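337 is the number that the working numbering gives the last residue of the sequence shown; the numbers go up by one with no jumps.
Quick reminder that beta carbons are idealized off the backbone N, C-alpha and C, glycines included.
As the structure is a computational prediction, the values presented were derived from the model and not from experiment.
Working notes for the structure below.
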Amino acid sequence: MLDKLQSVIKKYETLRNQMMDENIVSDQQKVVSISREMSWLEKAYNLSIEYRNYNDQLQEAEDIIKTETDWDIIEMAKQQFQEAKSKLEDLDQKIKIALLPKDPMDDKNIYLEIRPAAWWDEAWLFGTELLKMYLWYAQKKWRKTEIVEEQMSDIWWVKLVIVKISWESVYSIMKFESWVHRVQRIPETESQWRVHTSTVTVAIMPEAQDVDIKIDPKDIQMDTYAGSSSWWQNANKNQTWVRIQHLPTGLIVDIWDSKSQMHNKEKAFSVLKSRLYQLEIEKNMKEEKSLRWDQIWTWDRSEKIRTYNYPQDRITDHRIHESRSNIPSVLMWNMEDIIQKLVLENETRLLQKSSE
């Protein structure tokens, strides 16, 4: 373990020295690459330094116990030995997690897409509640959100919405929210007090860069429109509504939130690239025929990951087989506990896989 940790320490300190090299500082691409590698190693580096210090304390205590004759000093050394041993055992697990293979997409910004499915009115309402939950959580944790596409019902329930969330390592946390969320409750329009089941699909797409996805201009059909709905601020004035279609896949993106056609075009292409990137990721996962534990444990878009059962006030995450109560608190401000348990489960699976 110490040899491995020493290599981590040496690697991090080498990178840190490189960041002070004038020849490297002048190369922006190298600076970005080194910064990313340092960011990934930083936690392991700090833990390695801590591990080395406690290991020194343990060795010191062992030497005292073997050579000292004063009973009081021996007792103090024994206490130091036990404390250092306990710390080392704890750090050993933390270091293993810190050194797990990193998902190359973890540091990317994301596009969060919410798309209600069955039982339209009820699904639209639940989609709206999920949107609020994610916006509150993101603004509390990262504070950078931007709605880039939205289709709303007449009473402002979500029919489709795409939100861009920008912050460090946002994908590493939010990726576990992908796929189907199911709600069971009595809809507001239900006169017989029967419980209905509705579903909403959530997609977490890493923001794609030009190096990730190349789009052939011949594969794109772009159209522009003036707004026609009464709630749209630019209705019937300018052709700022942009629709782009990727002909090989049939993917369509509509963006109209800006008064500038150019800005809407840029956003539309960014969303399209991220959707194509997500399709490529899923394709590779299937072709590998092996489960990527650092994703969401499935690539089946029909797979439900969580059920919100209102009559029993119970939220069940089907991946970790765990339930909790108080749905309103989760939807309003308290989803951090669920997220952290999913992160922990992911780390546990990765550790098991690495030891096979």
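Taking a C-beta distance under 8 angstroms as the contact criterion, glutamine 190 and glutamine 220 do not qualify as a contact pair. If you draw a straight line from the Cα of asparagine 315 to the Cα of alanine 119, it is about 12 angstroms long. The alpha-carbon separation between threonine 48 and serine 29 amounts to approximately 29 angstroms. Under the three-state reduction of DSSP, glutamine 132 is assigned to strand. Residues of the same chain with a CB within less than 7 angstroms of the CB of lysine 89, apart from the 5 flanking positions on each side, are Tyr152, Pro187 and Glu188 in chain order. Spanning the alpha carbons of valine 12 and serine -12 requires a straight line of approximately 21 angstroms. A contact is defined here as three or more CB-CB pairs under 8 angstroms, and the region 24 to 39 meets this definition with respect to the region 60 to 80. In the DSSP assignment, glutamine 226 falls within the unbroken beta strand (DSSP E) covering 222 to 227. For tryptophan 160, the enclosing beta strand (DSSP E) begins and ends at 160 to 166. The beta strand (DSSP E) runs of length 3 or more contained entirely in the region 276 to 323 are, from start to end of the chain, 285 to 290, 295 to 298 and 303 to 306. In the DSSP assignment, leucine -14 falls within the alpha helix (DSSP H) that extends over -17 to -1. If you keep only unbroken alpha helix (DSSP H) runs of at least 4 residues inside the region 74 to 151, you get 101 to 122. Around the beta carbon of asparagine 4, a 10 Å sphere encloses fewer than 16 other beta carbons of the protein chains shown; the residue is thus reported as exposed. Membership of isoleucine 5 in the alpha helix (DSSP H) is indicated by the continuous run 3 to 6.
Straight-line measurement puts the Cα of lysine 83 at about 8 angstroms from the Cα of tryptophan 21. Under the Cβ criterion (8 angstroms, minimum of three pairs), the region 227 to 240 does not count as touching the region 158 to 167. It is roughly 10 angstroms from the alpha-carbon of valine 139 to the alpha-carbon of tryptophan 101. With 16 or more neighbouring CB atoms inside 10 Å of its own CB, methionine 155 falls in the buried class. Secondary structure of alanine 189 (DSSP, three-state): coil. In terms of CA proximity to threonine 205, Asn245 leads the group Asn307, Asn245, Arg175 and Ile296. Shown here, serine 179 sits in a strand according to DSSP, grouped into three states. Threonine 205 carries a strand assignment under DSSP once its states are collapsed to helix, strand and coil. When the beta-carbon positions are compared, glutamate 103 and serine 150 stay at least 8 angstroms from each other. When the alpha-carbon of glutamine 293 is set against those of Arg300, Arg305 and His299, the nearest one is in Arg305. Cβ contact annotation for alanine 42 (same chain, cutoff 6 angstroms, sequence separation greater than five): Ala58, Gln61 and Phe62, in chain order. By the criterion of a C-beta distance shorter than 8 angstroms, serine 16 is surrounded in its chain by Met0, once the five residues flanking it on both sides are discounted. For aspartate 235, the uninterrupted beta strand (DSSP E) segment begins and ends at 232 to 236. Taken atom to atom, the span from the alpha-carbon of arginine 124 to that of isoleucine 46 is near 53 angstroms.
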